[in-house]
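Below: one structure, written as C-alpha cells.
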Amino acid sequence: MLFSMQSILEGFNLKKQANELGVSIWRSPGFLFILMGIIIISSMLAVYFVFNNPDSVEYLLLSEFTLVLVLFTVGNSIISGVDEIARANKMKTEFVSIASHQLKTPLSEINWEMELLVSKFSEGLNEKQRELIANVNNSNARMIRLVNDLLDVARIDQGRLPLVREELDIIDIIEDVIDNNKNLAKSHNVEVNIRNYGSVPKLVGDRKRIVVVLDNLLSNSIKYTKEKGSVDVAITPEKDRIVVCVKDEGVGIPKKQQKNVFHKFFRSDNAIKNQTEGTGLGLYIAKNVIVQSGGEMWFDSEENKGSTFCFSLPLKKNDKFYSVSM
C-alpha cells in the first residue's frame with residue numbers, strides 16, 4: 192500500500208515528470224490529468240447549478256463555451272506532444288540505422304585484417320600475442336553482433352524487416368546452432384541436449400533469421416544456466432506447425448518483470464546482478480521474426496529454477512508470411 196501511495200505521489204511530481212520527458216510542466220501528463228479532472232468536476236458542478244437554477248441559462252452557455260475552449264487547448268497540446276514524440280522516435284530510428292551502417296564497414300575491415308594477420312603470421316606469434324589477438328577478435332565479434340541487432344531493430348521499427356521464404360530443415364538448423372555454441376557451453380560447463388518427439392516435416396521460413404532466433408535463445412540459456420547444469424532443445428510436431436522449446440536450469444525471470452521480457456533493451460534484475468553479457472535486444476528481435484513468419488513465441492519462467500522459451504513455425508503447406516505490427 193505504501194508503494195502504491197508513493198507511486199501516486201510520484202505521478203503528481205510535475206516538475207520531475209516534465210524534466211524526465213523534456214517538456215514544460217504545462218504539457219506533462221500529470222498536469223494534463225489534473226486539468227482534465229478539474230474540467231470534469233467543474234462541468235458536473237455547472238450542470239448541478241443550472242439544474243437547480245433554471246433561469247441561469249446564460250451561465251450554462253458561458254460554461255459550455257469555456258469548457259469547449261479549454262478542451263480544445265488541452266487536445267491541441269496532447270496532439271502536438273504526440274506529434275513531437277512520433278517525430279523524435281522516427282529521427283532516433285533513422286539515426287540508429289545510419290550509425291549502425293557506418294560502424295559495420297570498419298568493424299568488418301578489422302575482422303578481415305585480423306584474419307589476415309593470423310593466417311600469414313601465426314607461426315611467428317607467441318602465446319601472449321595469440322591471446323591478445325583472440326581478445327580483439329572476440330570484442331570485434333561482439334560489436335558486429337550489436338551493430339547487426341541495432342540494424343534489425345531499426346528495420347523492425349520501420350516495418351521493413353526483410354524475410355525470405357525457403358524450405359527449412361529445423362533439425363539441421365538446430366544442430367548447426369548447437370555446434371556454433373559448443374565453445375560457449377564448454378566454457379560454462381553446461382550440457383546441451385536435443386530431444387525430438389516425432390517425425391519432423393519441412394518448414395517454410397527465413398533460414399538466416401531462424402538461426403538468429405535459435406542462437407539468441409540457446410546462448411541465453413547457456414549463459415544463465417548454473418555450472419554443471421543442462422539445456423534441452425525439444426522439437427514437437429503438431430497438426431499444422433512445429434513447436435521448438437529451449438529449456439534451461441538458469442536464474443529464471445522475476446514474476447513482476449515477466450511482462451517486459453519481449454520489450455527492447457529489457458534485462459532482468461538478476462541477469463544484471465549476475466553480470467551476464469547482453470543488450471536486451473535478442474528476444475525483441477526473435478519474437479518479431481517468429482510472428483512475422485506466421486508463428487508464435489511464448490515462455491514460462493520461475494525465478495531460481497529456470498526458463499523455457501518456445502516458438503512455433505507453420506509447416507511447409509502454410510507457406511506464407513504474415514505482416515504483423517508489434
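So the sequence shown is numbered by the numbering used here: it starts at 192 and just counts up by one. Cβ coordinates follow ideal geometry from the N, Cα and C atoms, glycine included.
{"Query": "Cβ-Cβ separation, Leu474 to Phe456 (assumed contact under 8 angstroms), whole Å", "Result": "About 10 angstroms separates the two Cβ atoms, so there is no contact after all."}
{"Query": "Environment of Pro505 [buried if 16+ CB atoms lie within 10 Å]", "Result": "buried"}
{"Query": "Short Cβ contact (7 angstroms threshold) for Leu405 with Ile433", "Result": "no"}
{"Query": "Local Cβ density within 10 Å of Thr264, reported as buried at 16 or more and exposed below that", "Result": "exposed"}
{"Query": "Close-in-space but distant-in-sequence residues of the same chain around Val309 (CB under 7 angstroms, 5 per side omitted)", "Result": "Ile324"}
{"Query": "Span separating the alpha-carbon of Ser299 from that of Lys311", "Result": "18 angstroms"}
{"Query": "Cβ distance (whole Å) where Ile426 is taken to contact Val391 below 8 angstroms", "Result": "6 angstroms"}
{"Query": "Spatially closest choice to Asp397 from Val424, Gly486, Gly315, by CA coordinates", "Result": "Gly486"}
{"Query": "Asp360 and Ile476 closer than 7 angstroms at C-beta", "Result": "no"}
{"Query": "Close Cβ partners of Leu205 (< 6 angstroms) along its chain, the five nearest in sequence each way excluded", "Result": "Ile216, Ser219, Gly221, Phe222"}
{"Query": "Inter-residue Cα distance where the pair is Arg321 and Asn451", "Result": "41 angstroms"}
{"Query": "According to DSSP, residues forming a beta bridge with Asp491", "Result": "Thr499"}
{"Query": "Buried/exposed call for Val259, threshold 16 Cβ in 10 Å", "Result": "exposed"}
{"Query": "Segments assigned beta strand (DSSP E), at least 3 residues, entirely inside the stretch 360-427", "Result": "382-387, 394-396"}
{"Query": "Contact under 7 angstroms by Cβ, Leu294 with Val327", "Result": "no"}
{"Query": "Beta-ladder partner(s) of Glu318, from DSSP", "Result": "In the DSSP output, where bridge partners are listed per residue, Glu318 has none listed."}
{"Query": "Cβ shell of Arg386 (< 8 angstroms), same chain only, five flanking positions each side left out", "Result": "Asp423, Val424, Ala425, Ile426"}
{"Query": "Nearest-angstrom Cα separation, counted from Lys414 out to Met488", "Result": "20 angstroms"}
{"Query": "Rounded straight-line distance, which links the Cα of Gly420 to that of Gly441", "Result": "8 angstroms"}
{"Query": "Supposed close pair Val480, Arg400 - CB separation, criterion 8 angstroms", "Result": "5 angstroms"}
{"Query": "Span separating the alpha-carbon of Phe512 from that of Lys478", "Result": "Per-residue confidence for Phe512 stands at a pLDDT of 40, beneath the threshold of 50, marking its modelled position as unreliable; the derived number appears in the next sentence. C-alpha separation (whole angstroms): 14 angstroms."}
{"Query": "For Glu366 and Glu306, the rounded distance between their alpha carbons", "Result": "26 angstroms"}
{"Query": "Straight-line Cα distance separating Asn317 from Leu409", "Result": "34 angstroms"}
{"Query": "For Ile369 and Gly443, the rounded distance between their alpha carbons", "Result": "21 angstroms"}
{"Query": "Beta-carbon proximity of Asn380 to Glu418, cut-off 7 angstroms", "Result": "yes"}
{"Query": "Val442 - DSSP class collapsed to helix/strand/coil", "Result": "coil"}
{"Query": "Reference Ser378, options Lys438, Thr416, Val355, closest by Cα", "Result": "Thr416"}
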